[in-house]
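For reference, the structure discussed in these notes is given below.
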Amino acid sequence: MKLPFDIKRLEELDPESHKFTLLALVGIIVLMTVAGLIAFFLALQGAEQTMVPEVTKLELTTALIKLQEKELYPRISLRFSSNPSDRGRVLEQRPPAGTIVKAGRRIFLTVSRGPAVNQVENYVGQTLDEVKIHLQTLFASTRPLLAIREPPVYIFDRAPAGTILEQKPVPGTEISGLTELVFLVSRGPEQARVKVPELQGLSIPEAIRRIEESGVAFAFSMRAPEGRERPGLVVSQMPAPGSLVAPDAPVSVLVSRPAPEKGMVAGLLEETLPVFPYLLKVTLTAQYPTGEKIVLLSAQHPGGLFSVPYVVPNNTVLILSAANRELFRREVRSE
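Adding 35 to a residue's 1-based position in the sequence shown gives its number in this note's numbering.
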C-alpha cells in the first residue's frame with residue numbers, strides 16, 4: 036500500500052506535527068481496514084432472501100408477474116397434458132412454493148402445451164390396427180383422450196379386410212375430454228363358397244398342403260389307428276369331398292396317430308383363439324432344438340378352436356401367429 040506521503044519526511048517535522056501525522060496515518064489505516072471488512076461481509080451475505088410463491092395452475096403470464104414481484108426468474112419447459120383446459124398453465128414448479136431462496140434465483144416451471152391432439156383426425160381408409168398403434172404412440176406419455184369402442188361394427192365391403200369405412204365423431208371434431216371412436220370396418224368382399232378337397236388317405240403334411248391350396252377352414256382331430264388303418268393318415272372328413280361350403284365353415288378332418296419314432300414327438304395341437312371378425316392367415320412355425328425354424332402350416336382361419344396335428348423332433352417349440360402377431364408358443368416333448 037502506498038501512503039500519501041513520505042515517512043522519511045516525518046523526521047524533519049517538529050514533535051507536535053510528528054505526533055499529529057502519526058495519528059492521522061493510524062486513522063487512515065483503521066478506516067481502510069473497517070471498510071474492507073464491511074465489503075467482505077456484505078459480499079458473504081449476498082442477495083436478499085425471499086419466499087417462492089405458489090404459481091402452479093396459473094396462466095403463464097400471471098405466474099411470471101408473481102415471480103417478478105419476488106425478484107425471481109423463470110426457466111420454462113413445455114410438455115403435453117391430457118386436459119385441454121391446461122394449455123398455457125403451469126403444471127409444476129421447482130423449488131416448491133414456500134421455499135426460502137435468495138433473490139435472483141431461477142425457478143423451473145413446466146408449462147402445458149395442451150393435449151397432443153385437440154381434434155379428431157380422419158381415420159377413414161386406414162386399417163384398424165394402424166389406428167390402434169397410432170393412438171398408443173400418441174398418448175404414450177399422457178392420459179388417453181381417444182378410445183376405440185370394442186368391438187367395431189364389421190360389414191362386407193370391396194375394401195380390404197380391416198379397412199375403416201366410416202367413423203364417429205367426424206374428422207375435425209374438437210376434443211374436450213375422453214372421446215369414444217366408433218368405427219365401421221370392412222370384413223372384405225363377401226367370399227364365394229369354396230369346394231371341399233379330397234383329404235382321405237393323405238398323410239398329415241399332404242392334407243395340410245391341400246387345405247392351404249383350397250382355402251377351406253379346418254378342424255383336426257386324432258385317434259389311434261383302428262383295424263387296418265395306417266398310422267399318420269386322414270381316415271375321414273366331413274363334409275364330403277366336392278361339397279361347397281362357406282370359407283369360414285371348418286372341415287372336420289380325422290387323422291390316425293402317427294407311429295412312434297425315436298427322437299420325434301407326435302400329437303394334436305389344440306388352442307382356443309379369439310374369434311376373428313374376418314378370416315386371418317395363421318402360421319404355425321416349429322422351432323427345432325437346433326434353432327432351425329420350419330413353417331408347418333399357413334392357412335386362413337376364422338378363429339375359435341384351432342387344432343392341427345404335428346410330428347416334430349422332441350423339445351420343439353411350436354409358435355402360432357396371426358396378422359404378424361404371436362398368439363402363443365408351446366414346447367412339445369415326449370412323455
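Just so it is clear, CB atoms sit at the ideal spot from N, CA and C, and this is done for glycine as well. Model, not experiment: these values are computed from the prediction.
So, at 7 Å on beta carbons, what are the nonlocal neighbours of residue i in its own chain, with the 5 sequence-adjacent residues on each side left out?
i	result
V238	With the sequence shown as reference, residue 238 is identified as Ser, and Val is not the correct amino acid for it. Excluding residues within five positions, the ones whose Cβ falls inside 7 Å are G267, L268.
K101	P88, V90
L173	A151, V152
L99	P109
A132	V87, P88, E89
P206	V155, E156, N157
With respect to the alpha helix (DSSP H) encompassing residue i, which residues constitute its N-terminal and C-terminal limits?
i	result
A242	239-249
Determine the DSSP secondary structure at residue i, reduced to helix, strand or coil.
i	result
P150	coil
T320	strand
Q103	helix
V166	helix
A74	helix
V61	helix
V69	helix
P348	strand
L331	strand
T325	coil
T134	coil
S356	strand
T85	strand
S176	coil
T96	helix
S342	strand
To which residues of the same chain is residue i closer than 8 Å at the C-beta, ignoring the five residues directly before and after it?
i	result
L234	A242, R245, I246, V269, Q272, P276, V286, V288
A259	S291, R292
V343	I243, F253, F255, L303, L304, L319, L331, L332
R222	Y189, I190, F191, D192, A196, P312, Y313
A357	L308, F311, L315, K316, V317, T318, H336
G123	E94, L95, V146, S147, G149
Please list, in chain order, all residues of the same chain as residue i whose beta carbon is under 6 Å from its beta carbon, the five residues on each side excluded.
i	result
D121	S147
T85	K105, A138
E201	L219
V352	Q322, R364, E366
L144	P109, I111, V125, Q128
E215	A182, R184
A294	P266
Here's the rule: buried if 16 or more other CB atoms are within 10 angstroms of the residue's CB, otherwise exposed. What is residue i?
i	result
F341	buried
I63	exposed
V69	exposed
F311	buried
T198	buried
Y158	buried
M257	buried
A138	exposed
F218	buried
L58	exposed
I142	buried
S116	buried
G262	exposed
Y108	exposed
Q171	exposed
P337	buried
V251	buried
A182	exposed
A301	buried
Which residues bound the beta strand (DSSP E) around residue i?
i	result
V300	299-308
K92	Here K92 belongs to no beta strand (DSSP E), and DSSP marks it neither H nor E.
Y189	188-190
Q128	125-129
P109	108-114
A182	181-183
I199	199-203
Give a yes or no on whether 8 Å exceeds the smallest Cβ distance from residue i to chain D.
i	result
P276	Among the chains in the structure shown there is no chain D, since it carries only a single protein chain.
Going by the C-beta, is residue i closer than 7 Å to any heavy atom of the ligand COA?
i	result
L170	Among the components of this structure there are no ligands whatsoever, and the ligand COA is therefore not found.
Practice task
Enumerate, from N- to C-terminal direction, the unbroken beta strand (DSSP E) stretches of 3 or more residues contained entirely within the region 214-239.
Solution key: The region 214-239 is shown to contain whole beta strand (DSSP E) runs of 3 or more residues at 214-221, in chain order.
Handout entry: Complete runs of the alpha helix (DSSP H) confined to the region 256-297 [at least 4 residues]
Key = Runs found: none.
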